[in-house]
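Quick notes on the structure that follows.
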Amino acid sequence: MTDITRPLDGILVVALEQAVAAPFTTSRLADAGARVIKIERPDGGDSCRNYNDYVHGESAYFVWLNRGKESIALDIKNDTDRKILETMIARADVFIQNLAPGATEKLGLGSDALRDLHTKLVTCDITGYGNDGPMKNAKAYDLLVQCESGLASITGTADAPGRVGVSVCDIATGMTAHAAILEALIERSKTGRGRGVSVSMFDTMADWMSVPLMQYEYAGKETPRVGLSHTIICPYGAFTCSDGSLIVIAVQNQNEWQHFCEGVLGDGALANDPRFKTNSDRLGNQVTLEGMIRDVFAAHSREEMFKLLNAANIASGSVTEVRDLANHPQLDRVEFSSPSGPVSCPAPPIRRSNEAPEYGPAPALGAHSESLRKEFG
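Structure (structure tokens):
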């Protein structure tokens, strides 16, 4: 093991967690050096373990979100197991949970009560719709929140709304909770007292929906579904080359528009054409302009188009498949073990100077039960 100190070395996190949002949060804390103890039900453990069996018989979600954690199987309605959990929390720096609304309060493990007992404890509650409001007790799964927040209404094509292809609400909520916990730990280092933070999936996605909402409320502008295009910038979207491949381009300012006309469309005079001179003009004549662009792309192969775009210094990229990501030259990977075999997946995006990170295994259910019962029992 490396002897380089990681940012959260010495921090103990106790996680009464399941599914995606909270495990995402604690996986990032574990990556930064925190000791994360995952509390699981004895009868099957985290539901995320059973989403699929695609990674050597393990769930792809589970191995991705639970590397480097310790797993203990506890029946927290059992007195002995409950005391073990209470002892863990008493020693913990952070307690995080995403059980059903009100579940921890019924168990006597509500965040307010825990912080009254342990004044240095940071608590984090992850919910679907928050702790108040008419939907506070509603079940919240990723697709439901994509729909309730309006995200699905602006995703997809003109024909129909669509789901973002990954669990974006869960992941965004986990990211937000991660930031909130780190803020609370920094505050504790100044005041000596912990703080409770709560993050809801709906609030997180409503925040992400701020621009479409403000455009509607202040200007009466609906955000259309535009597939691989952009609602307020033109040209910005995907075009098909002569070999059938798709390239996305983005022209963000007037200088780029001038270069695009000269170097890609082959007609510098178009830059000052009244139909296309400003971004607003181009949006108003988007059908005509994109027809011209499609003609140029259709006359060139992918390789030829990238040469033209690069020469004109126009931002562009390939519309790749997942199979292409697997061999993408920019992709960094991390490797760790799982109960059934080695795992390789994309590296977390945070890079720390002077650190060669190592990642612990994704644990089998109750893999650390014996040692943790001895330590905390």
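Taking our numbering, the leading residue of the sequence shown gets 36, the next gets one more, and so forth.
The beta carbon of each residue, even a glycine, is placed where N, CA and C say it ideally should be.
Can you find the residues in the same chain that come closer than 6 Å, C-beta to C-beta, to residue i, ignoring five residues on each side of it along the sequence?
| i | result |
| --- | --- |
| N236 | The residue you asked about is not Asn; residue 236 is Met in the sequence shown. Taken in chain order, the residues that qualify are G163, A175, V180, C204 and T208. |
| A100 | Reading off the sequence, residue 100 comes out as Leu, not Ala. Hits under 6 Å: P58, F59 and S62. |
| G145 | T139 |
| L178 | R198 |
| T154 | R228 |
| P383 | D66 |
| R41 | A67 and G68 |
| A397 | V98, N101, R102 and S373 |
Would you mind giving the Cβ-Cβ distance between residue i and residue j, rounded to the nearest angstrom? I have them listed as a contact below 8 Å.
| i | j | result |
| --- | --- | --- |
| Y271 | S264 | 7 Å |
| F295 | A346 | Actually they do not touch by this definition, with Cβ atoms about 11 Å apart. |
| L149 | L156 | 6 Å |
| H91 | S379 | So it is not a contact: roughly 11 Å between Cβ atoms. |
| S351 | S277 | That belief does not hold up - the Cβ atoms of S351 and S277 are roughly 16 Å apart, past 8 Å. |
| G105 | V49 | The displayed chain sequence assigns Glu, not Gly, to residue 105. So it is not a contact: roughly 10 Å between Cβ atoms. |
| E52 | N133 | 6 Å |
| S233 | N166 | 6 Å |
| V283 | L344 | Contact flag wrong, Cβ pair sits at about 10 Å. |
| F274 | F341 | 12 Å between Cβ atoms; not a contact. |
| E25 | I349 | Only positions 36 to 412 of the chain appear in the structure, and residue 25 is not among them; the question remains open. |
| I74 | L109 | 5 Å |
Could you pull the DSSP bridge partners for residue i from this structure?
| i | result |
| --- | --- |
| A195 | T192 |
| R70 | L47 |
| D415 | Any property of residue 415 remains undetermined from this structure, which presents the chain solely from 36 to 412. |
| A350 | A285 |
| F371 | V378 |
| E93 | V90 |
| E75 | A108 |
If you draw a straight line from the alpha carbon of residue i to that of residue j, how long is it in whole angstroms?
| i | j | result |
| --- | --- | --- |
| V199 | M249 | 21 Å |
| P364 | I124 | 44 Å |
| R230 | L152 | 13 Å |
| A187 | D116 | 42 Å |
| F411 | E356 | 48 Å |
| S406 | L220 | 27 Å |
| C269 | L318 | 6 Å |
| T122 | G401 | 18 Å |
| G376 | E93 | 9 Å |
| E325 | K312 | 14 Å |
| A193 | E252 | 22 Å |
| A254 | Q289 | 24 Å |
| Y89 | A285 | 36 Å |
| R76 | D160 | 19 Å |
| I206 | D367 | 20 Å |
| P247 | T258 | 6 Å |
| G301 | A56 | 49 Å |
| G168 | D238 | 12 Å |
| A306 | D81 | 57 Å |
| M170 | P136 | 11 Å |
| M36 | V129 | Its pLDDT being 45, under 50, M36 is placed unreliably in this model, and the value from its coordinates should be taken loosely. Approximately 25 Å, taken between the alpha carbons. |
| Y86 | A391 | 31 Å |
| M244 | P381 | 27 Å |
| D359 | S353 | 10 Å |
Once you ignore the five residues that flank residue i on each side, which residues in its own chain have a CB closer than 8 Å to its CB?
| i | result |
| --- | --- |
| R408 | I107 and I119 |
| Y394 | D66, R102, G103, V369, E370 and F371 |
| D316 | P309 and R310 |
| A399 | S106 and P374 |
| R126 | L47 and F411 |
| H213 | F59, T60, R63 and L64 |
| R84 | E93, S94, F97 and L400 |
| E297 | G303, A306 and A347 |
Residues in its own chain within less than 7 Å of residue i by CB, not counting five upstream and five downstream?
| i | result |
| --- | --- |
| P196 | A187, S188, T190 and R260 |
| A241 | S184 |
| L43 | L64, A67, G68 and A69 |
| Y215 | Inspection of the sequence shows that residue 215 is occupied by Ala rather than by Tyr. Closer than 7 Å at the Cβ level, and outside the excluded window around A215, lie C159, V232 and V234. |
List in chain order: all unbroken alpha helix (DSSP H) runs of 4+ residues lying wholly within the segment 207-280. 236-243 and 245-254
Write down every uninterrupted run of the alpha helix (DSSP H) in the segment 278-339 whose length is 4 residues or greater and which is fully enclosed by it, in chain order. 289-298, 314-319 and 321-333
Start-end ranges of the alpha helix (DSSP H) lying completely within the segment 95-133, minimum 4 residues: 95-100 and 114-126
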